[in-house]
Amino acid sequence: MSGKRRLITVWRIINNGVVNFIRNISLAIAAMAIMVVTLTIVLFSLIVNYTFSHTIYQITNKIDVSVYLKNRVTSAETTKLIGEIRNLSNVQSVQYLSKEQALKAYEQQNSNNQQLIQAATETNNPLPPTIIIKPVNLNNLGQIKSFLNEPNIAALQTDPPSYSGQEKEAIDRITHATNVLQEIGVIAVIVFAVVSVLIIFNTIQMAIFNRRDEIQIMRLLGAGRGYIRGPFIVESIIYGILSAVISVIIINAAFQASSGTLQASSLGLLDIGYANNYFDSHFIVLLTVELALGIVIGAVSSMIATRRYLKFKTR
Amino acid sequence: MILLDRVSKSYSRGGKPSLDRISLHVEPKEFVIVVGQSGAGKTTLMRLLTREERQTSGKIIVGGIDYDKLKDREIPLLRRKIGVVFQDFKLLPNKTIFENVSFALEMVGMGNQEIKNTVPRVLEIVNLTGKEDNMPYELSGGERQRVAIARAIVRQPKILIADEPTGNLDPKHAWDVIKILEKINRYGTTVLLTTHNQEIVNKLKRRVVTIKDGKIVSDRANAGYKI
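Protein chains in written order, with my numbering: chain A, 43 to 357; chain B, 95 to 321.
Next comes the structure, spelled out in structure tokens:
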């Protein structure tokens, strides 16, 4: 086949696919309705999963380890200690509060309790200089703990380190719960994705099953496999593209509506405001993922579905 | 043009064969009618020639192609050389009349201009000028069969196989179809027609091959219908 002939053939395959799509519009709408629903569920579960992850990150970000230093610790010793803490692998960030800064922070925290504020004044400042450590992984505080408990380090401290106000146990529970939630989220996204792949695959198979006679006729006329199959694949890719676009539009409309009416913008763990922002800022990525999913599933399932009717009997 | 040498076809192992050692030779430009009652083996013969089925034994050579040496991927090339007309028309339901005919040309990569020139000429031969933009369901049975004939001959095949093309048509339309087949034969195409319509066979006065129980029981020139 010459180059020009090949070009004309490719053009005809695409053209036939588009024409078939229009002429079989009722079948197309039925198939696309199912694709839209499943793709919307996948997209929604994806966003929900990211939003959960964000919420969990915010919760765990508030958890830190405070190290209280004795007043006599020199600034050189403090700098050295901070450097050593920074070198620990499980440390995300280190913040140093001098006596004065610690007092300011204390006043802010207790601004509604005058008695507590009066108890600690600048002249009579009971607060120690404090190092605040944000760990990377809350479930692995052992490394930080054992470092702080080394005798020469412990000697610099007035009190044992505080793990977010001694609420370690509560924190542990929260982190455990969030870990489970995150895992469920990932599993849910995977399950939804797999189920929708199967449903879409089945839908396209049914659509092509309805038209298996056409394939048979084209075969009897001596049409090549690619020439028979091409328009069906093009048609299924059109299903995929349109369904992806529609499902993104639906999600967009849902966020527009919900962020307008739900003033609180938060439903427990599901932070709608964040989900909406996430959707807006990742719009191109999400649209691409949806399109890729729609196109790939459409193309692959139509290829598999047509294959069955294209085999030559060699009895 | 068509050569069958002791061709047998059994659908089940050890069962009664649908075709039993059939030998037949058709010259170029011949018009041959294959007659026989339902179940005699006419359709099996046609399906072997279009390679929808494979013979159990024997040799088939059509237009110089030996079917034993034909690979699966070469089957489309074989089918492009033979024009086939079916009893149930087998038009593509979602394509217009023009598209049904042009499909046979498009799939081999013929240029648009050539298609635009060729298709109307062929539709004229089968008296369907003006129906280009109709869909198959808008046509009568006779018209649909003529579309199928147009599609079969548009590539100017050397051989045209028509399997009971008049089976679903009333006598007037049936005769229209037969007249077109005769016209095509005059232009130089070898025609192999199966039918069990006595009137058509008697009027045509052509070579008649009679099949009964999978065997050729008579093969006579300028014959009438006799079973």
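Each residue gets a CB set at the ideal place from its N, CA and C atoms; glycine is no exception.
- Bridge pairing for V178 (chain B): B:I255 [DSSP].
- Under a criterion of Cβ atoms nearer than 7 Å, the residues of chain A adjacent to T144 (chain B) are, in order, L262.
- Counting along the chain, the unbroken alpha helix (DSSP H) around H96 (chain A) starts and ends at 67-103.
- Rounded to whole angstroms, the separation of the alpha carbons of S153 (chain A) and P177 (chain A) is 28 Å.
- Chain-order list of chain A residues neighbouring E200 (chain B): R54, by C-beta distance under 7 Å.
- Taking a Cβ-Cβ cut-off of 8 Å, K110 (chain B) has no neighbours in chain A, whose nearest Cβ is about 17 Å from it.
- In the displayed model, H218 (chain A) falls within a helix according to three-state DSSP.
- For V133 (chain A) and V109 (chain A), the gap between their C-alpha atoms comes out near 13 Å.
- Note on geometry: alpha-carbon atoms of K252 (chain B) and T330 (chain A) lie some 52 Å from one another.
- Excluding sequence positions up to five before and after I257 (chain A), its CB lies within less than 7 Å of the CB of I270, T348, Y351, L352, all in the same chain and listed in chain order.
- Distance from V178 (chain B) to R300 (chain B) at the Cβ level is roughly 19 Å; contact not present, criterion being Cβ atoms closer than 8 Å.
- By alpha-carbon distance to D264 (chain B), the top candidate from B:G308, B:E237, B:L254 is B:E237.
- Close CB contacts of A315 (chain B) within its chain, under the 6 Å cut and outside five residues either way in sequence, are with R301 (chain order).
- Contact between the segment 114-126 of chain B and the segment 302-313 of chain B is present, with at least three C-beta pairs closer than 8 Å.
- At least 7 Å separates the beta-carbon of I98 (chain A) from that of T200 (chain A).
- The CB of V178 (chain B) comes closer than 7 Å to the CB of L262 in chain A, given here in chain order.
- Looking at the backbone, the Cα of A246 (chain B) and that of I67 (chain A) are separated by about 29 Å.
- Remark: C-beta atoms of V220 (chain B) and A244 (chain B) approach each other more closely than 7 Å.
- Close partners of T51 (chain A) in chain B (Cβ separation under 7 Å): G203.
- Between G227 (chain A) and I279 (chain A) a beta carbon distance of about 30 Å is seen, past the 8 Å cut, so the two are scored as non-contacting.
- At least one CB of chain B lies nearer than 7 Å to the CB of E256 (chain A).
- A residue is called buried when at least 16 other Cβ atoms come within 10 angstroms of its Cβ; T283 (chain B) meets this threshold and is buried.
- Nearest CB-CB separation between Y269 (chain A) and chain B: below the 7 Å threshold.
- The Cβ of K184 (chain B) sits closer than 7 Å to at least one Cβ of chain A.
- Taking a contact to require three or more Cβ pairs closer than 8 Å, the segment 119-133 of chain A and the segment 184-202 of chain A qualify as touching.
- Secondary structure at P230 (chain B): helix, using DSSP grouped into helix, strand and coil.
- Taken atom to atom, the span from the alpha-carbon of T190 (chain B) to that of E147 (chain B) is near 30 Å.
- About 5 Å separates the Cβ atoms of P170 (chain B) and G266 (chain A), confirming a contact at the 8 Å cut-off.
- Residue-level contact by beta carbon holds for R174 (chain B) and chain A, with a gap shorter than 7 Å.
- With distances taken between CA atoms, V90 (chain A) lies nearest to A:I229 out of A:V287, A:S343, A:I229.
- Look at the segment 211-296 of chain A and you find these whole runs of alpha helix (DSSP H), each 4 residues long or longer: 254-262.
- Of the candidates A:K146, A:I174, A:I337, A:I291, the residue whose Cα lies closest to the Cα of A162 (chain A) is A:K146.
- Within the DSSP secondary-structure output, K153 (chain B) pairs in a beta bridge with B:D99.
- With respect to the C-alpha of T223 (chain B), the residue from B:V213, B:T289, B:P230 having the closest C-alpha is B:V213.
- Fewer than three beta-carbon pairs drawn from the segment 112-123 of chain A and the segment 318-328 of chain A are found closer than 8 Å, and the two stretches are therefore not classed as touching.
- Between the alpha carbons of K122 (chain A) and A144 (chain A) lies a gap of roughly 20 Å.
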